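Trainee: If you're matching positions, the sequence shown starts at 1004 in this note's numbering and goes up one per residue.
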Amino acid sequence: MAQAPVLERNPLRDGLVLARTPDPCAMVIFGATGDLTHRKLMPALYNLALNHYLPQGFTVVGAAHSPLSDEEFRSQMRDAVGKYSRTQPIDSEVWRSFSGGLHYVSMAFEDPSGYARISSVLQDVDGTRGTAGNRVFYMATLPGVFTTVVRSLGTAGLSQTAGWTRVVIEKPFGHDLASAQALNTAVHEVFKEPQVYRIDHYLGKETVQNVMVFRFANGIFEPIWNRRYVDHMQITVAEDIGIEQRGAYYEQTGALRDIAQNHLLQLLSITGMEAPANFDAETVRDEKVKVLKSIRPVDVAHDVVRGQYGPGWVAGQEVKGYRQEAEVSPTSLTETYGALRLYIDNWRWADTPFYLRTGKRLPTRASEIAITFKKAPHQPFAKTVVQELSPNVLVMRIQPHEGASLKIAAKVPGPTMRLRTVNMDFFYGSSFLVESPDAYERLILDCMLGDPTLFAREDEVERAWQLTDEIERGWAAEPPPDFPNYAAGTWGPEAADALMERDGRRWRRP
Ligand code: BG6
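Now the structure itself:
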């Protein structure tokens, strides 16, 4: 193994050392030759190895259709890590040791003999690598086969071992409430809820976790984090990319199901929740679910806007409209943009609007939570520009340039009383001098440690689908939308601006 990371002597890294190491275990990845494994899972596992976070004897059993030998699988994974790892170049010593634990089983997911072969590899590695029956089953396949794989694990007896077993399920977790409930039922035939880890990779992002730290580890924010001091919140997940090569998937999904049902509602529940009594998984998730349950029924015609991009320009490049993308219908009514105004009907947030938006082919990639505070109640600086000053805004930047900034009024130097808005900034990069790990590193490690706090619980997912279904039903009852209604490279449809203007507000331009 390589030496400890070079930044070890940096005092700013104090507290960054892992307190617990996971038990020796094996991870079976279904869909091991797919995009997710190449881009995210393998680079995350390699970086965990590089940072000495993996347990002794850690083993991966990749499972997929392609006929590959262990050696061919290892070489494919090395290429993937070479291409997508956040740390480069690959440390050959770390890779040699890590890749010694990579195995491959070629199988059809509906064929029981494939599970028997996996079982035999796992028994071998329990002996040779000391994995002691501890297993993570990772569903990185197309969602259509999740149920088949989970049921087959049960039938093959793979969920019952001498150690612990856990299952990680990628999004999308269902397509609507009914399918999510059916999937939950199928999963629970084989695994109990505490063994189920439903991924929402936004929860693994450092700044998302930092929202909780900002709120609950500092004394100064919580007293003003409520309807008395907060004017409104804006939660944005903006992307400049289009749908890339995912036309077929996206046609069935759209922005509401792809991002709002999961990432946006997760950000909303973390920002809006009450302080949990402690940080154990159930307590935190109980508080998040309470937020989702308190969301007022949505008036779709007034509070929701959908959009679809037409041709345009992004970062100086001419780009196609959504309907011209591969595997997309030329008359598609799938939305690539969604904006919503939500209310959380509880004591803390009564009548405080939460504006959420997401879109593809917007001018920039930016995810953030912006909390706009009410203006000072009395303005002693009459006849100055203070009346026109913008209000205090706390922005938690999820990406890029992770960090936070607080907009405040300050006096311009000089003999007269002139005020200007300035920013107090905190940047992760310069404060800790380390690059943030990828969300998947954190989440995979938490799963191996048996900590589901940053994973979506059954009731959370179902409530989020209930809200999404409500909006989908409202849309289905409306006349077909006038798509495309925004040009690629702009901030979405005019109706989204109108939604804000009606309330005398404007969207931020991150
Ligand atoms: C995924 C969506 O969940 O999140 C994608 O399916 C989207 O459509 C992606 O591009 C955004 O994630 P990130 O981490 O790049 O903000």
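Cβ coordinates follow ideal geometry from the N, Cα and C atoms, glycine included. None of the values given here were measured: they were computed from a predicted structure.
Under 7 Å: does the beta carbon of D1243 sit that close to some heavy atom of ligand 1?
Mentor: No, the beta carbon of D1243 sits no closer than 7 Å to any heavy atom of ligand 1.
Trainee: What residue range does the alpha helix (DSSP H) around H1106 cover?
Mentor: Careful: H1106 lies outside any alpha helix (DSSP H), inside the beta strand (DSSP E) at 1105-1109.
Trainee: Please return the same chain residues whose Cβ sits closer than 6 Å to the Cβ of V1303, not counting the five positions on each side in sequence.
Mentor: Excluding positions up to five away in sequence, the list reads I1474, G1477.
Trainee: Could you give the residue range of the alpha helix (DSSP H) that holds N1050?
Mentor: Residues 1045-1053.
Trainee: Is S1272 close to ligand 1? I mean its beta-carbon at under 7 Å from any heavy atom of the ligand.
Mentor: Outside the cutoff, so no.
Trainee: Could you tell me the alpha carbon to alpha carbon distance between E1011 and S1439, rounded to whole angstroms?
Mentor: Bear in mind that the predicted position of E1011 carries a pLDDT of just 45, short of 50, making it unreliable; the figure below should be weighed with that in mind. Using only the alpha carbons, I get a separation of about 15 Å.
Trainee: Buried or exposed: A1491, going by 16 or more other Cβ atoms within 10 Å of its Cβ?
Mentor: It is buried - the Cβ of A1491 has at least 16 other Cβ atoms within 10 Å.
Trainee: Between the Cα of T1471 and those of R1326, L1186, F1429, A1342, spot the shortest distance and give me the residue it belongs to.
Mentor: Taking only the C-alpha atoms, the option nearest T1471 is A1342.
Trainee: Can you find a CB in chain B that lies within less than 8 Å of the CB of R1421?
Mentor: Protein chain content of the structure displayed is limited to a single chain, and chain B is not contained in it.
Trainee: Please classify A1501: does DSSP put it in a helix, a strand, or coil?
Mentor: Helix at A1501.
Trainee: Would you report the Cα separation of I1093 and L1156, rounded to the nearest angstrom?
Mentor: The alpha-carbon atoms of I1093 and L1156 are separated by roughly 34 Å.
Trainee: Is G1310 helix, strand or coil when you go by DSSP?
Mentor: Reduced to three states, the DSSP call for G1310 is strand.
Trainee: Does DSSP classify R1016 as helix, strand or coil?
Mentor: Because R1016 carries a pLDDT of 47, less than 50, the predicted location of this residue cannot be relied on, and the following value inherits that uncertainty. R1016 falls in the helix class under three-state DSSP.
Trainee: So, for A1329: in the same chain, excluding its five sequence neighbours on each side, which residues have a beta-carbon less than 8 Å away from its beta-carbon?
Mentor: Cβ neighbours of A1329 beyond the five flanking positions: Q1248, G1250.
Trainee: For R1231, which three-state DSSP category applies?
Mentor: Coil at R1231, not helix or strand.
Trainee: Using three-state DSSP, classify T1040 as helix, strand or coil.
Mentor: It is helical.
Trainee: Per DSSP, what are the beta-bridge partners of I1298 in this structure?
Mentor: In the DSSP output, where bridge partners are listed per residue, I1298 has I1347.
Trainee: Here's the rule: buried if 16 or more other CB atoms are within 10 angstroms of the residue's CB, otherwise exposed. What is P1416?
Mentor: Under this definition P1416 is an exposed residue.
Trainee: Could you name the residues of the same chain whose beta carbon sits closer than 8 Å to that of D1073, not counting the 5 residues immediately before and after it, in chain order?
Mentor: Counting only Cβ-Cβ distances below 8 Å, and skipping sequence neighbours, we find L1105, H1106, Y1107.
Trainee: What alpha helix (DSSP H) runs, 4 residues minimum, are completely inside the stretch 1179-1250?
Mentor: If we require 4 residues or more, the alpha helix (DSSP H) runs fully inside the stretch 1179-1250 come out as 1180-1193, 1209-1220.
Trainee: Below 8 Å on the Cβ atoms is my contact criterion, and I expect I1121 with V1064 to pass it. Report the Cβ-Cβ distance as a whole number of Å.
Mentor: Right, the Cβ-Cβ distance comes to about 6 Å (below 8 Å), so this counts as a contact.
Trainee: Suppose you measure from the CA of T1286 to the CA of P1226; what does that come to, to the nearest Å?
Mentor: Cα to Cα, T1286 sits roughly 21 Å from P1226.
Trainee: Cα separation between R1268 and V1170?
Mentor: Residue identity check: residue 1268 is Leu in the sequence provided, not Arg. Cα to Cα, L1268 sits roughly 23 Å from V1170.
Trainee: Can S1162 be considered in contact with ligand 1, in the sense that its beta carbon sits closer than 7 Å to one or more heavy atoms?
Mentor: Outside the cutoff, so no.
Trainee: Taking one C-beta from the stretch 1334-1348 and one from the stretch 1366-1381 each time, how about it: are there three or more such pairs within less than 8 Å?
Mentor: Short answer: they don't touch.
Trainee: Confirm, please, whether the CB-CB distance from E1113 to T1151 is below 8 Å.
Mentor: Yes, these two residues count as a Cβ contact at 8 Å.
Trainee: In three-state DSSP terms, what is P1008?
Mentor: With a pLDDT of 43 at P1008, under the threshold of 50, the modelled position of that residue is not reliable, and the figure given next carries that caveat. In the structure shown, P1008 sits in coil (DSSP, three-state: anything other than H, G, I, E or B).
Trainee: Tell me whether A1007 is buried or exposed, calling it buried when 16 or more other Cβ atoms sit within 10 Å of its Cβ.
Mentor: Only weak support is given to the placement of A1007: the predicted model assigns it a pLDDT of 41, under 50, and the value that follows is read from those uncertain coordinates. Per the 10 Å Cβ criterion, exposed.
Trainee: Leaving out five residues on either side along the sequence, give the residues of the same chain with a beta carbon under 8 Å from the beta carbon of A1479.
Mentor: Nothing meets the Cβ criterion.
Trainee: Specify, as a first and last residue, the run of the alpha helix (DSSP H) that Y1118 falls within.
Mentor: Unbroken alpha helix (DSSP H) run through Y1118: 1115-1131.
Trainee: Within the same chain, show all residues whose beta-carbon is closer than 6 Å to that of F1219, passing over the 5 residues directly before and after it, in chain order.
Mentor: Closer than 6 Å at the Cβ level, and outside the excluded window around F1219, lie A1278.
Trainee: Could you give the distance in angstroms between the alpha-carbon of H952 and the alpha-carbon of T1239?
Mentor: Residue 952 is absent from the structure shown; the chain starts at 1004 and stops at 1513.
Trainee: Would you tell me roughly how many angstroms separate the C-alpha atoms of S1434 and P1394, rounded to the nearest one?
Mentor: Their backbone Cα atoms lie some 26 Å apart in a straight line.
Trainee: Please classify S1095 as buried or exposed, where buried requires at least 16 neighbouring CB atoms within 10 angstroms.
Mentor: When all chains shown are included, S1095 counts as exposed.
Trainee: Say whether the stretch 1454-1463 touches the stretch 1282-1297, bearing in mind that this needs 3 or more beta-carbon pairs closer than 8 Å, one atom from each stretch.
Mentor: Contact between the stretch 1454-1463 and the stretch 1282-1297 is present, because at least three Cβ pairs lie under 8 Å.
Trainee: Give the range of the beta strand (DSSP E) segment to which W1316 is assigned.
Mentor: W1316 -> beta strand (DSSP E) spans 1315-1317.
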